[in-house]
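Just so we're aligned: 418 in UniProt numbering is position 418 of the sequence shown, and the numbers increase by one with no gaps anywhere.
Okay, so here's the structure we're looking at.
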Amino acid sequence: MALLINIQALTMSNSSASTSTAASSSGRNSSIRLTNCSLFSCEAKKVMPRILVIRNKLSSDSDSDSPMRNRSSKSRTSPKTQQEEASPSASSSDARNTATTTRKTKKQVVEDLERLFRLPSSPRHRRIDDDESDDGDSFIGGNSHGFSSYGRGYRRRPTIKVVYQGVRGSYCQEAAVKAFSSNISNVDLLSSCSTGMEDAFQALEDRSADRAIIPIENSLDGTIDRNLDLLLRHGQNVEILSELIIPVNHCLLAGNDQLINIRRIVSHPQALSHCKTKLLEYKSYLSSLGCDLEVIEVENAADAAKFISENGISDTAVIGSRVAAKEFGLQIVEENIQDTSNSGNFNRFLELGRKNINPCSTSSGIKNKKTTIAFALEKGVSDMHKALSIFERANINVTRVEHRPNRSNPVIVKKDNNRNQPPCCFDYVFILDLETEEERKLKVLLSELEKISGESVHVLGSNYTCRSIS
């Protein structure tokens with residue numbers, strides 16, 4: 001039981017009652033002690049009024065049999081009553097009746113508390129022996145406070161360790177916070193993978209992280225090819241668990257919130273290209289005041305925000321994320337400064353995890369599930385129409401088509417001897433996103449695709465959800 005009851009305090013036999021005259025009051029003899037109450041404080045608050053009622057009931061029962069109470073009441077009893085108490089047989093009978101009543105009371109108390117605190121047999125809990133496995137990849141079921149019931153006690157569910165590409169204050173950190181903070185309480189955002197883009201994938205493979213958030217595409221600037229290559233390289237051990245689409249919110253961050261004090265604005269070239277209209281407005285405004293505004297490109301906007309904050313630079317602003325302002329204590333001079341003509345400016349992120357695990361979904365009940373596959377074609381690009389026709393005939397929507405160099409076989413050598421044609425051509429790996437929830441149907445189609453591919457089709461993510469987060 002998760003609730004440990006002080007049995008010694010509940011036991012009120014005649015022997016203990018006769019030897020504990022001044023050791024404790026009647027209220028203490030019937031007290032109920034909760035251990036590890038911090039583990040289920042919310043549950044305890046709900047049932048404490050009920051426990052107090054039971055406690056008062058026991059207190060009133062024990063008061064009637066308390067040695068101190070009997071001692072003080074002897075002088076007020078009648079002679080007849082004193083004679084009855086003096087009789088050994090009457091005393092023995094009364095003791096047996098009192099013990100029986102006490103035992104029944106204790107049993108009722110225990111049953112009431114067990115019902116109030118929901119025993120491990122409740123649907124909200126699972127015993128460890130009911131799980132198929134207890135490895136690091138299985139997420140342990142439990143209550144809403146992150147605790148699971150195992151036998152006689154409670155223990156906290158394993159923390160989900162999440163890494164994100166980039167440094168603190170990056171848009172990827174912002175995506176990780178939005179993806180997990182509202183749905184899962186036991187999440188630990190690890191130190192960012194700032195030494196290289198591949199660190200996030202390696203953290204999953206060496207089990208130092210359970211989840212990874214990586215950026216994969218911007219709706220204006222296209223795919224991040226490097227992450228697509230890494231996904232293909234680590235596809236044997238890492239898979240896509242969900243997709244996150246988040247609108248871009250470029251913020252002008254500075255040590256103070258007065259635009260008039262700013263003389264230069266720095267940011268990543270991509271962010272600067274998204275905010276051309278606002279930058280022209282800022283230049284025009286400061287020029288009317290007789291001030292110049294310099295726009296400078298930097299490799300990393302989050303690092304620039306950190307540098308401005310740590311060095312107290314008051315005349316320089318950076319275009320970055322809201323989370324960067326929070327991380328480094330900067331003021332948001334203005335937000336959503338991206339061009340209004342780019343109303344379709346979104347970032348797409350992928351949530352990755354190790355293959356063959358039981359994911360703790362952050363998006364239950366969401367439809368429009370997707371599957372991502374990768375394959376090469378035996379005859380090259382000319383057979384691409386055959387591959388797409390397989391899914392068209394099955395009424396499966398193809399939402400995205402990407403291609404990357406086939407590093408295992410980068411060149412296809414032609415066998416014909418026509419000198420007017422080049423002797424070889426480049427080979428590619430094609431990546432398709434498919435909208436389908438019918439896994440059996442998809443398996444049949446993939447086996448058909450393998451016939452024209454000449455090799456196995458790699459599934460990079462199966463039946464995962466696509467979520468849009470504001």
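For every residue, glycine included, the Cβ atom is placed at its ideal position computed from N, Cα and C.
Candidates the options: which alpha carbon is nearest residue i's?
i, options, result
"residue 227", "197, 380, 209", "197"
"residue 277", "220, 402, 338", "338"
"residue 188", "211, 427, 372, 464", "211"
"residue 429", "267, 268, 291, 372", "372"
"residue 340", "435, 275, 445, 354", "275"
"residue 161", "397, 176, 167, 168", "176"
"residue 181", "159, 465, 195", "159"
"residue 349", "312, 208, 467, 243", "243"
"residue 292", "458, 409, 282, 299", "282"
"residue 193", "167, 396, 299, 468", "167"
"residue 220", "271, 178, 214, 233", "271"
"residue 298", "179, 319, 288, 312", "319"
"residue 231", "374, 288, 408", "374"
"residue 253", "396, 384, 306, 208", "306"
"residue 382", "294, 439, 412, 224", "412"
"residue 300", "467, 438, 195, 179", "195"
"residue 407", "233, 209, 190, 225", "233"
"residue 396", "331, 384, 294, 437", "437"
"residue 209", "457, 190, 331", "190"
Mark residue i as exposed unless 16 or more other C-beta atoms lie within 10 angstroms of its C-beta, in which case mark it buried.
i, result
"residue 265", "buried"
"residue 296", "exposed"
"residue 285", "exposed"
"residue 451", "exposed"
"residue 399", "exposed"
"residue 238", "buried"
"residue 268", "buried"
"residue 424", "exposed"
"residue 123", "With a pLDDT of 35 at residue 123, under the threshold of 50, the predicted position of this residue should be treated as unreliable, and no value is reported."
"residue 426", "exposed"
"residue 453", "buried"
"residue 414", "exposed"
"residue 173", "buried"
"residue 469", "exposed"
"residue 465", "buried"
"residue 169", "buried"
Confirm, please, whether the CB-CB distance from residue j to residue i is below 7 Å.
i, j, result
"residue 248", "residue 356", "no"
"residue 432", "residue 351", "no"
"residue 246", "residue 317", "no"
"residue 324", "residue 302", "yes"
"residue 290", "residue 309", "no"
"residue 449", "residue 387", "yes"
"residue 460", "residue 235", "yes"
"residue 164", "residue 321", "no"
"residue 353", "residue 314", "no"
"residue 478", "residue 435", "No information on residue 478 is available, as it lies outside the stretch 1 to 470 that the chain covers here."
"residue 251", "residue 327", "no"
"residue 259", "residue 333", "yes"
"residue 404", "residue 257", "no"
"residue 442", "residue 390", "no"
"residue 347", "residue 463", "no"
"residue 200", "residue 216", "no"
Are there any heavy atoms of the ligand ATP lying less than 6 Å away from the beta-carbon of residue i, as far as the coordinates show?
i, result
"residue 311", "Judged by which ligands are present, the structure shown has none, so any question about the ligand ATP falls away."
At what residue ranges does the region 261-311 contain a whole run of the beta strand (DSSP E), taking only runs of 3 or more?
-> Runs found: 264-267, 294-297.
Counting only runs that start and end within the region 321-406, where is the alpha helix (DSSP H) found for 4 or more residues in a row?
-> Counting only runs of 4 or more, we get 322-328, 384-393.
Runs of alpha helix (DSSP H) lying entirely within the region 191-236, each at least 4 residues, in chain order = 199-205, 225-233, all fully within the region 191-236.
Between the region 375-385 and the region 199-215, are three or more C-beta pairs nearer than 8 Å?
-> Cβ pair count under 8 Å is below three, so no.
Fully enclosed by the region 408-453, which alpha helix (DSSP H) runs are 4 residues long or longer?
-> You should have 439-453.
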